[in-house]
Amino acid sequence: MLSKMSMAIFMIICLIGTIVEGSEIKEEAEATLKKAANYFYGTVATNGGYLWKYSKDLKKREGEGKATNTQIWVQPPGTPAVGFAYLKAYEATGDNFYLEAATSAADALIWGQLESGGWDYKIDFDPDESKKWYYRHDKGKVDPKNRRNYSVFDDNNTQSALRFLMAVHKITGDEKYWSAIEYGLSLMQKSQFDNGAWPQVYPLPPKGYSGFYTFNDGVINDCVAVMLDAYHLYNDERYLNSAKLAGDFIIASQLPEPQAGWAQQYSYDMKPAPARWFEPASVCSSVTSRNIKTLVELYLETGYEKYLKPIPSAIKWLKNSMLKDGNWARFYEIGTNKPIYVNMNREIVYEFINIRPGYSWVGEYGVEKNIELYEKVIKFGREKYLSEINMTPKVESSHKKLKDLESKVIDIINSIDDQGRWIDNGYILCSTFIKNVQLLSDYISLANKE
2 MLSKMSMAIF
12 MIICLIGTIV
22 EGSEIKEEAE
32 ATLKKAANYF
42 YGTVATNGGY
52 LWKYSKDLKK
62 REGEGKATNT
72 QIWVQPPGTP
82 AVGFAYLKAY
92 EATGDNFYLE
102 AATSAADALI
112 WGQLESGGWD
122 YKIDFDPDES
132 KKWYYRHDKG
142 KVDPKNRRNY
152 SVFDDNNTQS
162 ALRFLMAVHK
172 ITGDEKYWSA
182 IEYGLSLMQK
192 SQFDNGAWPQ
202 VYPLPPKGYS
212 GFYTFNDGVI
222 NDCVAVMLDA
232 YHLYNDERYL
242 NSAKLAGDFI
252 IASQLPEPQA
262 GWAQQYSYDM
272 KPAPARWFEP
282 ASVCSSVTSR
292 NIKTLVELYL
302 ETGYEKYLKP
312 IPSAIKWLKN
322 SMLKDGNWAR
332 FYEIGTNKPI
342 YVNMNREIVY
352 EFINIRPGYS
362 WVGEYGVEKN
372 IELYEKVIKF
382 GREKYLSEIN
392 MTPKVESSHK
402 KLKDLESKVI
412 DIINSIDDQG
422 RWIDNGYILC
432 STFIKNVQLL
442 SDYISLANKE
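Going letter by letter, the sequence shown gives residues 2 to 451 in our numbering.
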């Protein structure tokens, strides 16, 4: 039987062993992070920017479609998303290398900012190909006729670029970023309809659904996030008022019970509208889920109870519309509330047979998480909820998070190759790079607090 002294010595040895082990993992995490970023920034980047997917030899390149070696992508997980990962690494380590990589991505976005104020899905640095766009840096130098100048709000495109530039400017204070931000925020205000909605693209096209009031792919929700970020950073009431006006549109566009959700887009007479051939006018579960989250965020920002009022009936509709497997159809028929899909014959059908591939027809869509957010805010109340989320985590809580991340971090360390790449089925994916950099950075940040 161990004496008390022996037991104490044994416990100290175990503690020292744990500290050494944790320290070694942190060092390996830092080395892996640097190795991956070195490869991505030094070898993968094009003028500081990124696509989505690369073959191991970097000859095959893709964004949402095939791309060339002079192109970068804006839509996540493209350039802004990779840039945010670098910023997270910089915040975790204090290493200026990561800030340099982030500012290089920001510079690429500035170069590709359109004269209209936002961004297209991609940027092309080829001297001839770039003439297809009317960039801000072309203003007053070239004839804009026949050049593309539509700022895209679809798929968090312009919004992610602006939010990333704002984050870079916050750290660097560099005037060139503020110039691009101010120009972009002017677009955000100019393109917002009087009722608070945003279109999919701006300037408004002469016809078609792209100019409609658009929730699809998070258009309005991501625009609200930009304006709230801008208000927090620059304390300009215009940006808060813009976000509040968008909240008013969300309230006004809610469909009546018993289908008290939202459509993907609305025509100018406020009727649910179709878009692409496989996107019928319908009640949309994914849009409804996102709108619940945005309404809660607007309530937390303003304290206005009106933003909470639409939520209970929306939750009721979502709960009544859940599929047997616990997921939701994306679309529900107006009137019958039957799940609807579109087949390859371009027919609306009620069964998931011969359905158009490459589209999210069924999913969880963050429904449970966003309902939980609403219920938690209601339970705690606004002030208590805000104080809880702003509270510095306790040491025990941080230590537990650190231990919980350990196995994932070890897997990331062990899966990187000699060149600094994580390979998924023969490809280098920006989404994997972002996820792994964020996890490594989280671990390093927590380890630094130990």
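Note that CB positions come from ideal geometry on N, CA and C, so glycine has one too. Everything numeric in this text was worked out from a predicted model, so none of it was measured.
Asp425 by DSSP, collapsed to three states: which one? Along the sequence shown, one-based indexing puts residue 425 at 424. If DSSP states are grouped into helix, strand and coil, Asp425 belongs with the strands.
When Ala264, Trp134 and Arg239 are compared against Leu186, the one with the closest alpha-carbon: Along the sequence shown, read from residue 1 onward, the residue named residue 186 stands at position 185. Of the candidates Ala264, Trp134 and Arg239, the one whose C-alpha sits nearest the C-alpha of Leu186 is Arg239.
From the DSSP secondary-structure annotation, give me the bridge partner or partners of Tyr136. As a position in the sequence shown, residue 136 is number 135, starting the count at 1. Answer is Leu115, bridged to Tyr136.
Sorry if obvious, but does the Cβ on Tyr51 come closer than 7 Å to a heavy atom of the ligand ZN? With respect to the ligand ZN, the structure offers nothing, as it holds no ligand at all.
Cutoff 6 Å; reference Lys294; Cβ partners in own chain excluding five residues on either side: The count along the sequence shown starts at 1 and reaches residue 294 at position 293. These residues qualify, in order along the chain: Asn371.
Three CB pairs or more closer than 8 Å across the stretch 160-170 and the stretch 75-93: yes
Simplified DSSP state of Glu384, which is helix, strand or coil: Residue 384 sits at position 383 when you count from the first residue of the sequence shown. Note: Glu384 maps to helix in three-state DSSP.
Residue environment, Tyr91, which counts as buried when at least 16 other CB atoms sit within 10 Å: Locating residue 91 in the sequence shown gives position 90, where the first residue counts as 1. With 16 or more Cβ atoms within 10 Å of its Cβ, Tyr91 is classed as buried.
Proximity to Ser180 [Cα-Cα], best of Ala315, Asp230, Asp195 and Asp108: Counted from its first residue, the sequence shown places residue 180 at position 179. Nearest of Ala315, Asp230, Asp195 and Asp108 to Ser180, Cα basis: Asp108.
Pull up the CB-CB distance for Ala93 and Ser446, whole angstroms please, since I reckon it's below 8 Å. The sequence position of residue 93 within the sequence shown is 92, counting from 1. The sequence position of residue 446 within the sequence shown is 445, counting from 1. Confirmed, Cβ separation roughly 4 Å.
In whole angstroms, give me the CA-to-CA distance for Phe154 and Gln201. To locate residue 154, count along the sequence shown from 1; it is residue 153. To locate residue 201, count along the sequence shown from 1; it is residue 200. So the alpha carbons of these two residues sit roughly 5 Å apart.
Tell me whether the stretch 281-299 and the stretch 202-213 touch, counting them as touching only if at least three CB pairs, one residue from each stretch, are closer than 8 Å. no
Whose C-alpha, out of Ser192, Tyr40, Tyr178 and Ala276, is nearest the C-alpha of Lys208? Along the sequence shown, one-based indexing puts residue 208 at 207. Nearest of Ser192, Tyr40, Tyr178 and Ala276 to Lys208, Cα basis: Ala276.
Could you name the residues that DSSP lists as bridge partners for Arg62? As a first step, residue 62 must be located in the sequence shown, where it is residue number 61. Partner(s): Tyr55 and Ala68.
Can you tell me the Cα-Cα spacing of Pro81 and Ser161, whole angstroms? Stepping through the sequence shown from its first residue, residue 81 is reached at position 80. Stepping through the sequence shown from its first residue, residue 161 is reached at position 160. So the two alpha carbons sit approximately 6 Å from each other.
For Ile435, count neighbouring C-beta atoms within 10 Å of its own C-beta (all shown protein chains included) and say buried if the count is 16 or more, exposed if not. Mapped onto the sequence shown, residue 435 falls at position 434. Buried, because 16 or more other Cβ atoms sit within 10 Å of the Cβ of Ile435.
Does the contact criterion of 3 or more C-beta pairs under 8 Å hold for the stretch 186-199 versus the stretch 229-249? yes
Give the range of the alpha helix (DSSP H) segment to which Pro81 is assigned. By one-based count along the sequence shown, residue 81 stands at place 80. Counting along the chain, the alpha helix (DSSP H) containing Pro81 begins and ends at Thr80 to Thr94.
Can you tell me whether Ser286 is helix, strand or coil according to DSSP? For the purposes of this step, residue 286 is taken as residue 285 along the sequence shown, with counting starting at 1. Here Ser286 sits in helix by DSSP.
Out of Lys404, Tyr40, Lys27 and Tyr55, which has the shortest C-alpha to C-alpha gap to Leu430? Here residue 430 is taken as the residue at index 429 of the sequence shown, counted from 1. Selected option, being the one with the closest Cα: Tyr55.
Determine the direct distance from the alpha carbon of Thr433 to that of Asp405, and round the result to whole angstroms. Translated into positions along the sequence shown, residue 405 becomes position 404. Translated into positions along the sequence shown, residue 433 becomes position 432. Asp405 and Thr433: Cα-Cα distance of roughly 20 Å.
Closer than 8 Å by C-beta to Ile390: which residues in its own chain qualify, once you throw out the five before and the five after it? Chain order, please. To locate residue 390, count along the sequence shown from 1; it is residue 389. Result list for Ile390: empty, nothing under 8 Å.
Close beta carbons around Ala231, own chain, < 6 Å, minus the five adjacent residues each side: The residue labelled residue 231 in the question sits at position 230 within the sequence shown. Only Leu186 and Tyr240 meet the Cβ criterion.
Given a threshold of 16 other Cβ atoms within 10 Å of its Cβ, counted over all protein chains shown, does Met228 qualify as buried or as exposed? Position 227 of the sequence shown, counted from the start, is the residue given in the question as residue 228. With 16 or more Cβ atoms within 10 Å of its Cβ, Met228 is classed as buried.
C-beta contact flag for Glu116 and Arg149 at 8 Å: Position 115 of the sequence shown, counting from 1, holds the residue named residue 116. Position 148 of the sequence shown, counting from 1, holds the residue named residue 149. Against a cut-off of 8 Å, the Cβ pair of Arg149 and Glu116 comes out as no contact.
DSSP puts Ala276 in a beta bridge; with which residues? The residue labelled residue 276 in the question sits at position 275 within the sequence shown. DSSP, once it has assigned bridges, lists no residue as partnering Ala276.
Nearest-angstrom beta carbon gap, Thr159 and Gly119 [assumed within contact, 8 Å]: Within the sequence shown, the letter at position 118 stands for residue 119. Within the sequence shown, the letter at position 158 stands for residue 159. Correct: roughly 3 Å between the Cβ atoms.
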